[in-house]
Amino acid sequence: MEYNFRDIEKKWQQWWKENDVYKVSNDSPKPKHYVLDMFPYPSGAGLHVGHPLGYIASDIYARFKRLKGFNVLHPMGYDAFGLPAEQYAIEHGIHPAISTENNINNFRKQLDNIGFSFDWDREVRTSDPKFYKWTQWIFLQLFNSFYNRWNKKAEPIANLIASFENEGNKQHPIPNTQHDTESFSAKEWKNFDEARQQDILMQYRLAYCGFGEVNWCEALGTVLANDEVINGVSERGGHPVVKKKLRQWYLRITEYADRLLEGLQKVDFSESMKEMQSNWIGKSSGAEIDFEVRLTPNPSPGGEGEEEPPASKRLFKTADISLWQTLKNYSRENRKNKTEAEDVLWQRIRNNQLGVKVRRQHAIEGYIVDFALLPVKLVIEIDGEYHNAEEQKLYDEIRTKCMSSVGLSLLRFTNDEVLSNTEQVIEKIKSFINKALEGRGADTPLSVRRGVGGEAPKLRVYTTRPDTIFGVDFMVIAPEHELVELVTTPEHKQAVVEYIAYVKSRSERERMAEKKITGVFTGSYALNPFNGRPIPVWISEYVLIGYGTGAIMAVPCGDQRDFLFAQHFNIPITNIIGDHYNGEEANPTKDAILMNSDFLNGMVMKDAIDVVIKRLEELEIGVRKVNYKMRDAAFSRQRYWGEPFPIIWKDGIAYSLEESELPVVLPHMDELTPGPDGEGPLANLKEWVNLPSPPGAGPGVRREVNTMPGYAGSSWYFLRYMDPHNDNEFCSRKASDYWGQVDLYIGGTEHAVGHLLYSRMWTKFLYDTGLIGHEEPYKRLVNQGMIQGSSRFVYRVIVTNPSGTPEFKYPIFVSSKYYQEYLEHGFLSNETLDDWRNSRFGLEWKKLSNDPYAGKFSIVPVHVDVNIVDGYELDREAFKKWRGGEYSNAEFILEDGKYICGSEVEKMSKSKFNTVNPDDLVIKYGADTFRMYEMFLGPVEMSKPWDTKGIEGVHRFLRKLWRLFFDDVKGPIWTTASPSPTGEGRGEAPTDAELKILHKTIKKIEEDTERFSFNTGVSTFMICVNELTDLKCHKKEILEPLLILLAPYAPHIAEELYAQLRQAPLSASLRAERSKRGARGEASILNAPFPKWNEKYLKETSKAYPVAINGKTRTELTLALDATQQQVEEIVLKDAVVTKWLEGKQPKKIIYVKNKMINVVT
RNA sequence: GCCCAGAUGGCGGAAUUGGUAGACGCGCUGGACUCAAAAUCCAGUGGUAGCAAUACUGUGCAGGUUCGAUUCCUGUUCUGGGCACCA
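The first sequence maps to residues 18 to 1179 in the working numbering.
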C-alpha cells in the first residue's frame, strides 16, 4: 500500500470541512490562545510560495496549542481595499469590487489546498460594508475625542467643550502648535461663532482635518505614492511630479507617542523590532532656541563703536527698544480686541489655508498691520468707517508708502466688504498670492529692508545639544523654510533661487539618500543669543522641514554631518571640546569639558545642557522641548477604493454623521477618473456628494470625498475576528475580554512600523474609551523573513547590422559561460556564432562594410520563467513554447550540450518570471510535503531565496514514515502489544532504545515548536524516522504518539495514519469497507492530547567528552557523568593521545566542564 | 544618508547559555536490486597533503578579549528590509 497523498489530503480536507472541526467557540472551559497572521492583500498575482511561510508557521503553532489543550482562535481574512485594485481598474476597466472578489476567491482556493486550520466562519474583508461600518464608527469615536494630557488618555470632545465653557483653554492649550499658541477665556469661547468654535475643536480632535503636502502629478490629475514617483517623475508615463498642499485628514498619533514607546516594554517583540519602532517615534529632548537674524555680519545696526547691549535686551532688535515694547503691547491688545470683520477674515486665512503663513497684528516699521503675509510680501488692512475721514486718508497713504518702501504691498478692505463679500475678498487675496508666487522671478524684491525698525526675523531651531551653543559655526534651514526669502540677501538671491529649484526637482527619498553635500549661503547672519556672535545662515537639503523647526544650529566639532558641511564650504570650525576634537572628524561626546564657551567654560557637557536651558528660559529666548520624529498620520487618500469618511461639510465645517447613518457605503462608479483640484474620483459623483441643504444652512452640504488609507481596516481587524457577526457593536466587550490580546502575531518586517504602530494606537484609544480591556494588541510578535525569488536569465545575442541598427529578427541565445566571457572582454569570439551570423547576414554585410566582423554582437540578459529551468539548465523545448511561442524559432549556443542559465536573487514578482506557485507543488508532492518543506528551508524569521530542489527530500521522508506503517506489497505492518478485538497484529512491547527515540523526539519537538524553530523540528522528525527504520520498529505504542507530534506539521498524513491505527488491525475487507465510509465518527487526531516526555527514558550515565590540548580537540574519552575533577584529571593524563601531545610537559591546568568538554592547558 | 537584520561546505541550513563546526536535507561520487528505468537500500562527501593512521587549515574581512570564539567586543565590506500615499 503506497502513500497516496492526493486521495488522503482530499479526503481529510473534506472531512474537516464537513465536520466543522476548525470552528471556534467564544465559550469554552479551556484556556484561550489567539494565533494571528497578518491578513493578506489579495493581489491579482495570487499566492506565491512566499505568502504561506508565515501562515504555515502559525498554523503549526495553532494546531500545537490545540493539542496542548487550548481553545485556539486562528482566523484569516483579507485586507481588501487598496491602490493596486484601483490601478488595475484604471488600466483594464475592471471594477475594483469585481477584481477584488475574484482575487479573494483565488486566494481562498489556494489557501484551502494547503490544509490550514482557519475558522473561515470568522473571515473578515475590510471592503465589506458590514466590516467598514465599524471602521467608520471607530473613526467617528476618534473624531469626537481629544487627548487629555493631564490624565494621558483620550476623552470625549464634550469634556473639552465643558472645560472651555468653564475656564477657556487654560487647562488644555492647543496641542502641537509650533508658533502661535492661541488662548481664550470661557467668555470668549461662548462668544465665538459656530465656525470659530468648530475650528478650534478641530485642533484637538484625535482625527482631524489639516493641510499636508502630497506628490501631485498634474498630467495624471492625481496624487501619487512615493513608490509611484521615480526620479521626480511619475512611474506611469514619466510626467513631472511636484509637491502640493491639500486638505487632508490626520490621526493625532503624536499624542500617543509616549505611550507607544512605553508600551514596547510590555510586549514580546524582538529587540530589533522594538528598536525600529522607538527610532520611528524618535523621542528626543533638548531645547528650542530663537536666533535673531540680520542681513549683515555686523552685529549692531548703527554700526561702529556701539557697546554690546546685554543679552537679555538684544532679543528685541529694533531701532528703539521702547517703541518696540509699545508696539508689542498694542499688538497683543489688538489681537484680543479684534473686530468682527478681522475675525471673519482671520478664520479664512489662518492655519496656512491659502498656502501662506499669516501673522495677525504684526509690527512692521513702527506700524501694526492687521495681517502680514510675509512670504508673498503682502499686508492686509481692514478699515473701519473712520477711514473715510480726510485726515485718516492721509495717514493711510503715508502708511502705504512706508510699506512699499520696505517692499511690501498693501491690500485694503473695508469692514463691510469683508463681512458681506467674504468670498470676493478671499479671491482677491488668493489671486495676489498666486501672482506673487508665480512672479518670483528676477525683479521681485526679495527681502524686507531692515535695521531701521520692525521686528527682526527670528530663526527658531531645535537642538538636543544646547550645551554646544558656543560651538555653533553656521545655521542651516530647510529649503522649504518660511524664512528662506526673508533671510536671503539680494546678492545671494540668484544662487538661492537656483538651489531651491534644484531641491524641488528631487524626491524626498533622494534627498535622504544623498551623500553629496549641497547647500547655499543666504547672505544673512544669525546672532548667538549669548554673545552676539554673527553666524552665517545656510540652506541645505539635509535639513528636513518636517522635523523639529526645520532649522538647525550646526556644531561642526560635535556633529559629523555639520563637520562635513563646514569642511565642504570652508566654514571655520570652533573647537569647544579641546583635545576631544582632532580636526579630522566630529566628536559627538557628552563627556568633554567645555572650552571657548563663555559662562559654560569648565563644565562637563552633559551637565551644561540643563544650565543652558535654564538660562535660555530665564532670558525668554528658548524653552526646554521634547521632540518626536514621528508625525501625525495622514489618514486620507484622494482615491476611490477605500472606506468613505462618515463626514459631511456644511459651510466649510466638518460634521460627523450619526451612528444610525452608518455605514456610508462606497457608491458604485464606472469610471475612476480623478476629481477636480486633486480630489478623489468620488468628487465626480455629484448626486452622491451633494446633499440637500437643511433649512437655514448655506448653499452646499457636501460629503467628504476622500477615502481612508489602506491601514484603516487593518488597524483593528484583529478585534473583529473575536465577534465577526455582531451587528450592534464592532466587537462585544465580552468577546474582547475573553480573547484579549493576540498571543502570537506573525507577519513580515515590512510592517514593522506603519501597521503595527497604527494598530497599537487604535487599541490604546479603544482602551481609553473603555470599549476594550487591554492596551496592547499583540503579546508576542514574530517576523517572518521574505522569500525571495531566484531569477533565471537567458542571454540573447543582438547583432548590429552595418547601418548600426540592432537586428531582432533571429532570436539566438548563448549559454551562461559565453555571457561571462562577453562581460569580461567586452566582446565574444565564438566560431559557432560567427558561422551563424555569416550564414544569415555575413556575405551581404561583408560586401557592405568590407569588414569580416561587420555584424557586431551585444548580449542582453532576459528573464526566463524559473519553472522551465531545471536547476540552471534550460528546458529548450519548453522555452520555445513559452510566451505563446515568442521564441519558437530560438537557436542556442550550448556549453557541454546544455544551455546553462544565469541567476540572480531578486524580489519575487510576476514580471521577473521568478514566482513559484504553491498549487503546482501541492499537486506534485502534496500539502504535507509542501508545508514541511517551507518550514525546512530555514528559520522562519530569516529571508532566503526560494529553491524548489530540496522538496524531494521532505517528500521522501514522508514516504519513509509511511513505510513504518505500511509495506507497499504486504499492506499494514504495524503491530501492537496490547490485546486487540480481533487478536490480530499482536506484537512486542517497545524496547528502551525505541522509547528513548520517542521521548527525545517529544522533548525536542515540543521545545522547537514553542520557540518557533520549525526547521530543526522537521529535521528532528527525520532523525526519528531514520532511527526507527534502522530499528525496524513498527510498534503502535511508539508510532501513535509520534503521529500526534507530527499532526501540526503534516496534518493530513497524521490524521490518516492515526485513523488507520485506531481501527484495530482488521481484515482487509473490513478495512476497505471502513475506509469507504471515511473516518467519520472516528476521533480526530486534532483533539488528541500532546504526549508527555519522560525523563527516565532519556537518562544518560556517561558521555563521550572531547579532550582538547590548548583548545584543539585531539581525542575523545567516555567518562561517567558524575565524574569528579580529580577522577577526570587522572584518566586524562593516562591517556595515550594526551601524553603524546603533552610531549613530557606538565599541564598547567585541566579545565573540566561537566557534560561539555575537557581542555588540557600547558 | 539614517534605522534594523544577515553573511557558516557545491546548495538550504545546524550548533538553544562561550565548550567536539558542518546535525538534517539537497546535490554529487561509488555500489546493490533491475533486461532497463523509476523507486528503494548501502557507503563516501568542507579544503589541502597522504594508501592510510593522521596532520595542517577552515564560520564575509581586519583586529581584540578568553584555557577555549560561528557565538562576546572594536572596526570594515557586501547583501536584504524599512524610511511615513505599495500593502
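A virtual CB, placed ideally from N, CA and C, is assigned to each residue, including glycine.
Contacts around residue i, its chain only, beta-carbon distance under 7 Å, and the 5 residues preceding and following it disregarded
i    : result
C748 : L736, R737, M739 and D740
S180 : Q188 and H189
Y942 : I968 and H972
K929 : G806, S808, H880 and E923
Residue from the options whose Cα sits closest to the Cα of residue i
i     : options                     : result
D484  : G730, T1132 and A304        : A304
I968  : T1179, L938, R1028 and V886 : L938
T786  : N165, A389 and H685         : N165
K1173 : A1125, L395 and Y564        : A1125
A729  : F98, F1031 and S45          : F98
P546  : N604, W555, D608 and E637   : E637
V513  : K532, L278 and T539         : T539
Residue interval of the beta strand (DSSP E) (run including residue i)
i    : result
V375 : Note, V375: premise wrong, no beta strand (DSSP E); not H, not E.
I25  : Per DSSP, I25 belongs to no beta strand (DSSP E); it is in the alpha helix (DSSP H), F22 to E35.
Q805 : I804 to T817
D433 : Where D433 is concerned, there is no enclosing beta strand (DSSP E), although the alpha helix (DSSP H) it sits in stretches over N432 to S437.
Q801 : L798 to Q801
A543 : V537 to L544
I107 : No beta strand (DSSP E) contains I107, which is instead part of the alpha helix (DSSP H) from L100 to H109.
E226 : In the sequence under discussion, the amino acid at residue 226 is Cys, which differs from the Glu named in the question. Per DSSP, C226 belongs to the beta strand (DSSP E) from A224 to C234.
Endpoints, alpha helix (DSSP H) assigned at residue i
i     : result
R1079 : P1068 to R1079
F163  : From DSSP, F163 is part of no alpha helix (DSSP H) but of the beta strand (DSSP E) over S162 to N165.
M949  : A944 to F953
Y784  : G771 to D785
V1149 : Q1142 to K1151
I486  : Segment: none, I486 is in no alpha helix (DSSP H) and carries neither H nor E.
P85   : The amino acid at residue 85 is misidentified as Pro; the sequence shows Lys. Looking at the DSSP string, K85 is not in any alpha helix (DSSP H), and its letter there is neither H nor E.
Exposure label - residue i; buried when at least 16 CB within 10 Å
i     : result
G619  : exposed
H65   : buried
M925  : buried
V572  : buried
L1115 : exposed
Q1163 : exposed
D337  : Interpretation of D337 is limited by its pLDDT of 38, a score under 50 that renders its predicted location unreliable; no figure is taken from the coordinates.
S677  : exposed
Y412  : exposed
E440  : exposed
A1006 : exposed
Sequence-distant residues of its chain with Cβ nearer than 6 Å to residue i (five each side left out)
i     : result
D136  : Y39, K40, V41 and P92
V1042 : K977 and L978
W1110 : H1016, I1019 and K1020
T143  : D96, A97, F98 and G730
Contacts around residue i, its chain only, beta-carbon distance under 8 Å, and the 5 residues preceding and following it disregarded
i    : result
R213 : D360 and Q364
K927 : A62
G757 : K49, Y51, G790 and H791
D984 : M18 and I990
(message) Whether or not the region 1149 to 1156 and the region 1121 to 1138 are in contact is what I'm after, with contact meaning three or more pairs of Cβ atoms, one per stretch, closer than 8 Å; do they touch?
(response) Using a Cβ-Cβ distance cut-off of 8 Å, the region 1121 to 1138 and the region 1149 to 1156 are in contact, since at least three pairs of beta carbons, one from each stretch, lie closer than that value.
(request) Could you tell me whether the region 121 to 133 touches the region 65 to 83, using the rule of 3 or more Cβ pairs below 8 Å? (result) Touching, per the Cβ criterion.
(request) Decide if the region 650 to 659 is in contact with the region 263 to 273; the criterion is three or more beta carbon pairs, one per stretch, under 8 Å apart. (result) With the cut-off at 8 Å, the region 650 to 659 and the region 263 to 273 touch.
(request) Count the CB pairs spanning the region 267 to 277 and the region 630 to 648 that are closer than 8 Å, and state whether there are at least three. (result) By the criterion of at least three beta-carbon pairs nearer than 8 Å, the region 267 to 277 is in contact with the region 630 to 648.
(message) Check whether the region 48 to 61 and the region 81 to 94 are in contact - that is, three or more C-beta pairs closer than 8 Å.
(response) At 8 Å Cβ cutoff, the stretches touch.
(message) Does the structure place the region 76 to 84 close enough to the region 1100 to 1118 that three or more beta carbon pairs sit under 8 Å?
(response) Because the criterion of three Cβ pairs below 8 Å is met, the region 1100 to 1118 and the region 76 to 84 touch.
(request) Flag this pair as touching only if the region 609 to 628 and the region 112 to 124 have three or more C-beta atom pairs under 8 Å; answer yes or no. (result) Three or more beta-carbon pairs separated by less than 8 Å are not found between the region 609 to 628 and the region 112 to 124, which leaves the two stretches without contact.
(message) Any contact between the region 687 to 697 and the region 288 to 299? By contact I mean 3 or more CB pairs, one from each, below 8 Å.
(response) Taking a contact to require three or more Cβ pairs closer than 8 Å, the region 687 to 697 and the region 288 to 299 do not qualify as touching.
(message) Using 8 Å as the cut-off, can you tell me whether the region 764 to 775 makes contact with the region 143 to 158, which would need three or more C-beta pairs spanning the two stretches below that distance?
(response) These segments do not touch.
(request) Inspect the CB distances between the region 898 to 908 and the region 811 to 831 and report whether three or more fall short of 8 Å. (result) Because the criterion of three Cβ pairs below 8 Å is met, the region 898 to 908 and the region 811 to 831 touch.
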